[in-house]
Every structure is written in C-alpha cells, then in structure tokens.
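Engineer: Numbering-wise, full-length UniProt numbering puts 150 at position 150 of the sequence shown, and it's gapless, one number per residue.
The C-beta atom is built at its ideal place from N, Cα and C for all residues, glycine as well.
I have a structure here, written as structure tokens, and I will follow up with some questions on it.
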Amino acid sequence: MSAAAPDMPAPALGEEFSTLLVGIQRLVRRRLREGLTEPRLRGAQVELLRLVADFPGLRVSDAAAELCLAGNSVSTLVNQLVTLGLLRREVDPVDRRAALLYVTGEAVERLAAWRARREALVGEVVAGLSAEDRAALAAALPALRGVAAGLRQGVVAEAAGGRSGR
C-alpha cells in the first residue's frame, strides 16, 4: 500500500487506517500462534483475561461493558476460560447473584509469555524501520489514542441508546 498523503480526505484516511489496523492485528496473531504448544486462545478470550488480570475481582457485567460485548457472550467466555483453568469465578459477597473474576496462575504465566512474544515480535519489526518512520509512529500514538477514545465513546453512546443508526 502506498503512504497516505497528509491532506487525504478523512473517509479515505479512515478506510486505509482501518484496513491496515485489521491486517496488522491479524498478522501479529498469526505470528504469535506459531510454535504454540498449549491450546490456542481466541482474541476475545485473551482480551477478557487481560482485562481481569488488570482488574482482579471484576464483575461479569463490568467486563461486558468494558469489552463492549453482550453479557451472555462474556458469560460464555468466562465458562470457557474456567474450563481451561485460566479464570476463577467467585460469588460476590455483596451481591450473591453476581460473580467476581480472577485469573489463575497459569493465565498470568500465559499472558506474560504472550506479551513478551508480542513485544519482541513487534519491537523487532519497528526496530527495522528507519528512524524517521519510528518517530512518525511515536508521534502518531496520541492520535491513535484519540481514535480509540472516539470509537469507545460511540460504542458507549450506542449501548446507552444514544444512537439509532440501525
């Protein structure tokens, strides 16, 4: 793909950005799967594990909101990860109908290994770029955070009934 011109119209820039982002994510996942000996986890499973590792004791409903998924979808993921021994579910002492989530030691180890492999893989590719391109990537990080925040706000507003584009 060619480099995007700085004055590229927003829709074209957004389309190229989206296409590249999806492609990069897919390639990273494929490369990280190479040589795995344990059962492969799906992207949503890894996202849930990472979230629970960052926020131990998270409720299923809060995880669903954070991941922008339906509660029953997160419950399914929780059941899968509990079966794999990567997630532990405990009854919330404040509300016995709710469950609190915790990662297991095995999950902590797998997440750490996955993060280290991802950091090494992407770090190696980024190190192979010119100093100019590395600086451009670093300079783009605030804009990327802004895109993520804007998308999150749109999803939150949609979930709250703030949009009716269906």
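What three-state label does DSSP hand residue 46 in the structure shown?
Structural biologist: DSSP places residue 46 in helix when its eight states are reduced to three.
Engineer: Drop a sphere of 10 angstroms on the beta-carbon of residue 27, count the other beta-carbons inside from all chains shown, and report buried for 16 or more, exposed for fewer.
Structural biologist: Exposed, since its Cβ has fewer than 16 Cβ neighbours within 10 Å.
Engineer: Take the Cβ of residue 110 as the centre, count every other Cβ of all protein chains shown within 10 Å, and call the residue buried at 16 or more, exposed below.
Structural biologist: When all chains shown are included, residue 110 counts as buried.
Engineer: What residue ranges within the UniProt domain "HTH marR-type" (14–146) form continuous beta strand (DSSP E) runs of no fewer than 3 residues, ordered along the chain?
Structural biologist: Listed in chain order, the complete beta strand (DSSP E) runs (minimum 3 residues) inside the UniProt domain "HTH marR-type" (14–146) are 87–91 and 99–103.
Engineer: I'd like to know whether the C-beta atoms of residue 99 and residue 106 end up nearer to each other than 8 Å.
Structural biologist: Contact flag unset, no.
Engineer: Assuming residue 126 contacts residue 117 (C-beta within less than 8 Å), just tell me the rounded distance between them.
Structural biologist: Not a contact, Cβ separation roughly 15 Å.
Engineer: Tell me the rounded alpha-carbon separation between residue 85 and residue 142.
Structural biologist: Their backbone Cα atoms lie some 37 Å apart in a straight line.
Engineer: Among 80, 36 and 45, whose alpha-carbon lies nearest the alpha-carbon of residue 67?
Structural biologist: The shortest Cα separation from residue 67 among 80, 36 and 45 belongs to 45.
Engineer: Compare the Cα-Cα distances from residue 81 to each of 50, 95 and 146 and report the closest residue.
Structural biologist: For residue 81, the nearest C-alpha among the options comes from 50.
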